Amino acid sequence: MNTVLAVEAGGGTARNLTITLFLVFVAVTLAITIWASRQTKTATDFYAGGRSFSGFQNGMAIGGDYMSAASFLGIAGIIALYGYDGFLYSIGFLVAWLVALLLVAELLRNSGRYTMADVLAFRMRQRPVRTAAAVSTITVSIFYLLAQMVGAGALVALLLGIKPGTTFLGMDADTAKVATIIMVGALMIIYVTVGGMKGTTYVQIVKAFLLMSGALVMTVLVLAKYNFNLSALLGDAAATSGKGSAFLEPGLRYGVEVAGNSTQTFYNKMDLLSLGIALVLGTAGLPHILIRFYTVPTAKAARKSVLWAIGIIGTFYLLTLALGFGAAALVGGKEIIAQDKAGNTAAPQLAEELGKSFLGGDLGGATLLAIIAAVAFATILAVVAGLTLASSSSLAHDFYANVIKRGQTSERQEVRVARISALVIGAVSIALSIYAQSLNVAFLVALAFAVAASGNLPAILYSLFWKRFNTSGAVWAIYGGLVSAVFLVFFSPVVSGAPTSMFPDHDWQWFPLSNPGLLSIPFGFLCGWLGTVISKEHDEDKYAELEVRALTGAGAH
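Here the numbering used here is used: the first residue of the sequence shown is 260, the next is one more, and so on.
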């Protein structure tokens, strides 16, 4: 009886601490946003933070933008449940940054002003290219937004102890999730409409610091538990997982060899390759990451910011190793799955376990759980703000100013439209997230990466490196990659035909891979090439000018 009371008291403390810490974070970030709004006077201030951020500041903000809830909660969970195979996500996300650094960061910073479409449309006909880029940007951003906000609803319900049959402030579990999604959506709209890029960047810097600090503290505690003996930690994780040495070897989740079924084995291996390609190439085409390169004053600062980002993100993904294997060893796969089938709560559960060990009892567990929960909230808020800014910037700058108004608009009008766009995109995301609560979050994130790599990346690389590339090629590349990725996923086992599908009771699946990247990315490049060669449009002078700008920064805004 006393134990039950202690657990309930601990749970109540965790709930109160979580709410308090979350409110403190919201208050601090709103204060930053209001301060930033006083510094936001021009379109450059709103879209690019006045290009006033240093390489280190922008590197921190990129880290804050990139290390989403899927990274913090999802990767730790997948490592805790599948061991070695889970770490493939960490490697994929990190290697992706080398692609971004080597291929696009500096060239993009030198060539554009506010959005991805500035580079694509530089030597093309403005209206068709900017329309295609705006459609692609909004599609990728909304898929990513859904993933974060659906995750927010589930996470908050879990961390506040709201389970089916229980209530919080008179709300049942489902109502509380909806309320959380609306609250997160409202906050992200405020961050973007009031603070613009400056406010959003500072929110991301604060969040990156909190996330790195939280992950570092947990890693040190996990290692301290095993006297800093990695071998003992891995051995304990393998033993507790119930899978033995297979837990530390590839093949538990991806590339699984099916005895007596060579076709399924082949598909499993191709699926692993497809996921890897999408993760590695997707980052260089993500709109909310690309616009971050415009916030620095020089190409040198753009390079520095990506190097800082690689250092911060690389360190973080190494820490996810300790968090994942620590959760497997100290919490156990059965406990994690009992709480959340996808393993998304492994990191918070590990925090609770470490708090009990090092801070003493249920109260200690509740305290550390509350801190890590607040960090997870901060993670979600910062990422959704960056995504909303990317899509509202594209709607206002690309579609409104350059397609509808044909460049005949003032900066003031453009920024006003960007703020209204943020409001509309935020409202659409809230509405879709409420109806998408049953959808698989990992599916939405993987789709966003696949679409970005299939549509945006071919168009960006061809624009920067192929002299012959033209308007027709850009439009074909974006729409071809975008449509093929969405089409293949719709007919894949992710949507129907499997127990883990979005619609498990239906079956229209014929495409065997869960991630479309293996086919849709080459198809996007093929469409870009085909669209170019069948069109006679060709402007070598404009390409030469773009090349000089991209390589030297001459004429860059």
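Using N, Cα and C, we set each Cβ at its ideal position, and we do this for glycine too.
Keep in mind that this is a model prediction, so the values were computed, not measured.
ask   = What are the boundary residues of the alpha helix (DSSP H) that includes residue 598?
value = As a working note, residue 598 is residue 339 in the sequence shown. First-last of the alpha helix (DSSP H) with residue 598: 592–598.
ask   = What is the DSSP secondary structure of residue 692, counted as helix, strand or coil?
value = In the sequence shown, residue 692 corresponds to position 433, counting from 1. Three-state DSSP puts residue 692 in a helix.
inquiry  = Taking contact to mean 3 or more Cβ pairs, one atom from each stretch, closer than 8 Å, check whether the stretch 373–384 and the stretch 591–608 are in contact.
reply    = no
inquiry  = Beta-carbon within less than 8 Å of residue 287's beta-carbon, same chain only, minus the 5 sequence neighbours each way: which residues are those?
reply    = For the purposes of this step, residue 287 is taken as residue 28 along the sequence shown, with counting starting at 1. 465.
query = Would you call the stretch 775–782 and the stretch 522–538 touching, i.e. three or more CB-CB distances under 8 Å?
reply = yes
request  = Could you give the DSSP three-state label for residue 278: helix, strand or coil?
outcome  = In the sequence shown, the residue the question calls residue 278 occupies position 19. Residue 278: helix per DSSP, three-state reduction.
ask   = Candidates 279, 302, 333: which alpha carbon is nearest residue 603's?
value = On the sequence shown, position 344 is the one that residue 603 refers to. The residue with the shortest Cα to Cα distance from residue 603 is 333.
task = Ignore the nearest five residues each way along the sequence and tell me which others in residue 573's own chain have a CB closer than 6 Å to its CB.
result = By 1-based counting over the sequence shown, the position of residue 573 is 314. Excluding positions up to five away in sequence, the list reads 353.
8 Å contact criterion, which residue 772 and residue 533 should meet: CB distance rounded = As a working note, residue 772 is residue 513 in the sequence shown. As a working note, residue 533 is residue 274 in the sequence shown. With a Cβ gap of about 5 Å, residue 772 and residue 533 count as contacting.
task = For my contact list, residue 554 and residue 456 are in at a C-beta cut-off of 8 Å; report their separation, rounded to the angstrom.
result = One-based indexing of the sequence shown puts residue 554 at position 295. One-based indexing of the sequence shown puts residue 456 at position 197. Yes, residue 554 and residue 456 are in contact; Cβ-Cβ is about 6 Å, under 8 Å.
ask   = Are the beta-carbon atoms belonging to residue 342 and residue 642 less than 9 Å from one another?
value = Along the sequence shown, read from residue 1 onward, the residue named residue 342 stands at position 83. Along the sequence shown, read from residue 1 onward, the residue named residue 642 stands at position 383. Cβ distance not < 9 Å, so residue 342 and residue 642 don't count as in contact.
request  = Give the straight-line distance between the Cα atoms of residue 561 and residue 477, rounded to the nearest whole angstrom.
outcome  = The residue you call residue 561 lines up with position 302 of the sequence shown. The residue you call residue 477 lines up with position 218 of the sequence shown. Approximately 31 Å between the Cα atoms of the pair.
query = Excluding five sequence neighbours on each side, which residues of the same chain lie with their C-beta closer than 7 Å to the C-beta of residue 509?
reply = The residue you call residue 509 lines up with position 250 of the sequence shown. Closer than 7 Å at Cβ, skipping near neighbours: 343, 344.
ask   = Using the beta-carbon count (16 or more within 10 Å), is residue 276 buried or exposed?
value = If you number the sequence shown from 1, residue 276 lands on position 17. That one is buried.
task = Using a threshold of 9 Å, state whether the C-beta atoms of residue 776 and residue 768 are closer than that.
result = Mapped onto the sequence shown, residue 776 falls at position 517. Mapped onto the sequence shown, residue 768 falls at position 509. Their beta carbons are not under 9 Å apart, which means residue 776 does not touch residue 768 by this criterion.
key: Euclidean distance between Cα positions of residue 659 and residue 733   = Here residue 659 refers to the residue found at position 400 of the sequence shown. Here residue 733 refers to the residue found at position 474 of the sequence shown. Rounded to whole angstroms, residue 659 to residue 733 spans 20 Å at the Cα level.
inquiry  = Measuring only the C-alpha atoms, how far is residue 297 from residue 453?
reply    = On the sequence shown, residue 297 is found 38 positions in, with the first residue counted as 1. On the sequence shown, residue 453 is found 194 positions in, with the first residue counted as 1. Computed Cα separation, rounded: 9 Å.
ask   = DSSP three-state call for residue 471: helix, strand or coil?
value = For the purposes of this step, residue 471 is taken as residue 212 along the sequence shown, with counting starting at 1. Residue 471: helix per DSSP, three-state reduction.
request  = Enumerate in chain order the residues of its own chain whose CB-to-CB distance from residue 618 is below 8 Å, with the five nearest sequence positions on each side excluded.
outcome  = Along the sequence shown, read from residue 1 onward, the residue named residue 618 stands at position 359. Hits under 8 Å: 624, 626, 627.
ask   = DSSP state of residue 370, grouped into three classes?
value = Sequence index remark: in the sequence shown, residue 370 carries index 111 (1-based). Residue 370 falls in the helix class under three-state DSSP.
query = Which residue comes first and which comes last in the alpha helix (DSSP H) that contains residue 546?
reply = Counting from one through the sequence shown, the residue named residue 546 turns up at place 287. 546–549 is the span of the alpha helix (DSSP H), which, as asked, contains residue 546.
ask   = Can you give the beta carbon distance from residue 662 to residue 390, rounded, assuming they're within the 8 Å contact cut?
value = The residue you call residue 662 lines up with position 403 of the sequence shown. The residue you call residue 390 lines up with position 131 of the sequence shown. Correct: roughly 5 Å between the Cβ atoms.
ask   = If you draw a straight line from the alpha carbon of residue 606 to that of residue 300, how long is it in whole angstroms?
value = Along the sequence shown, one-based indexing puts residue 606 at 347. Along the sequence shown, one-based indexing puts residue 300 at 41. Between residue 606 and residue 300, the C-alpha separation is close to 41 Å.
request  = Starting from the C-beta of residue 578, find all residues in its chain whose C-beta is less than 7 Å away, skip the five residues before and the five after it, and write them out in chain order.
outcome  = By one-based count along the sequence shown, residue 578 stands at place 319. Answer for residue 578: 474, 475, 478, listed in chain order.
message = Quick check on the burial criterion: 16 or more other C-beta atoms within 10 angstroms. Buried or exposed for residue 656?
response = Your numbering for residue 656 matches position 397 in the sequence shown. So residue 656 ends up on the buried side.
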